[in-house]
Amino acid sequence: MAESSRRPSDLKDRRLWRFVSRYFNDRAMFWLLPAVILGSGLLMWQLSRQTTGLYREMALQGAGLQAKTIEGVRQAYATEVVDRLKALDVEVTHEYLDNKRAVPLPATLTMIVGESLEKDRPGAHVRLFSDYPFPNRRDKRELDDFQTEAILRLRRDPREPFSRFEVYNGRPSLRFAVADVMKQSCVDCHNFHPDSPKRDWQVGDVRG
Numbered sequence: 269m270a271e272s273s274r275r276p277s278d279l280k281d282r283r284l285w286r287f288v289s290r291y292f293n294d295r296a297m298f299w300l301l302p303a304v305i306l307g308s309g310l311l312m313w314q315l316s317r318q319t320t321g322l323y324r325e326m327a328l329q330g331a332g333l334q335a336k337t338i339e340g341v342r343q344a345y346a347t348e349v350v351d352r353l354k355a356l357d358v359e360v361t362h363e364y365l366d367n368k369r370a371v372p373l374p375a376t377l378t379m380i381v382g383e384s385l386e387k388d389r390p391g392a393h394v395r396l397f398s399d400y401p402f403p404n405r406r407d408k409r410e411l412d413d414f415q416t417e418a419i420l421r422l423r424r425d426p427r428e429p430f431s432r433f434e435v436y437n438g439r440p441s442l443r444f445a446v447a448d449v450m451k452q453s454c455v456d457c458h459n460f461h462p463d464s465p466k467r468d469w470q471v472g473d474v475r476g
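Just so you know, we're using my numbering here: the sequence shown kicks off at 269 and counts up by one.
Here you go:
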């Protein structure tokens, strides 16, 4: 009698357990799907951040290498070419095109290299900018916000490049600036050139 009296209760308990189990299983599926979607979204976001960070790091390394290469060419030109040509009474000037006995200044050569680079690699730009431009370039060298801040930062610490990721000319870009530090040959030219807008430069000053 005792065994038969427990059977209806057991049956009822089992039904209640199945109902509770089914209820929570349904609710678990209801919450599990959003959790999976959210987790997948967070994973994709993290991967995107890491990929973006990697691309930016590669861009910074590439820009730094290119800047060092251009600066190396400029310095070699100044010491190995210009100094020797001066001894042969060859004029070094930005107005060299109409003078067969003249060669471009190192800064002018940098601009020529930059123009050539832009033709070969659309989207790449090389600029030599200063807040003391020569009169013939003043109207072509109006500084934007990045360039103005770059000069301020580089004068505080010429050894540390200044860079920024931003939209430039309508496209996402890396802008990367390094200091143009005055050497003795630069000081000798700028302090005595009749068109120079500043004539108290010293070796080590950041011109632009």
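Just so it is clear, CB atoms sit at the ideal spot from N, CA and C, and this is done for glycine as well. Just so we're clear, the structure is a prediction, and the values are computed from it rather than from any experiment.
When the Cα of residue i is compared with those of the options, which residue comes out closest?
i    : options                   : result
F444 : I380, T416 and P401       : T416
D425 : E339, R389 and V474       : V474
V471 : K451, P462, F460 and K387 : K451
G332 : S453, L411 and V394       : V394
G383 : I338, G476, R427 and P429 : Note on residue identity: the sequence assigns Glu, not Gly, to residue 383. When each option's Cα is compared against that of E383, the closest is I338.
P462 : F402, E428, P429 and P440 : F402
For residue i, name the three-state secondary structure that DSSP assigns.
i    : result
A392 : coil
D351 : helix
A370 : strand
Y400 : coil
Y364 : coil
Note down the Cα distance separating residue i from residue j, rounded to an integer number of angstroms.
i    : j    : result
F433 : T320 : 12 Å
W469 : F397 : 16 Å
V449 : D399 : 14 Å
D413 : L356 : 43 Å
S431 : C457 : 29 Å
Q497 : A447 : Coverage of the chain is limited to positions 269 through 476, which leaves residue 497 absent and any answer about it impossible.
S464 : V455 : 11 Å
T378 : R389 : 16 Å
N228 : R324 : Absent from the structure is residue 228, since the part of the chain shown begins at 269 and ends at 476.
L442 : V381 : 19 Å
Is any non-hydrogen atom of the ligand SAH found closer than 8 Å to the C-beta of residue i, if you look at the structure I gave you?
i    : result
M379 : As for the ligand SAH, it is missing from this structure, which has no ligand bound.
(Q) Tell me whether the stretch 335–347 and the stretch 367–379 touch, counting them as touching only if at least three CB pairs, one residue from each stretch, are closer than 8 Å. (A) yes
Q | Every unbroken beta strand (DSSP E) within the stretch 427–475, with a cutoff of 3 residues, ordered by chain | A | 430–436 and 439–445
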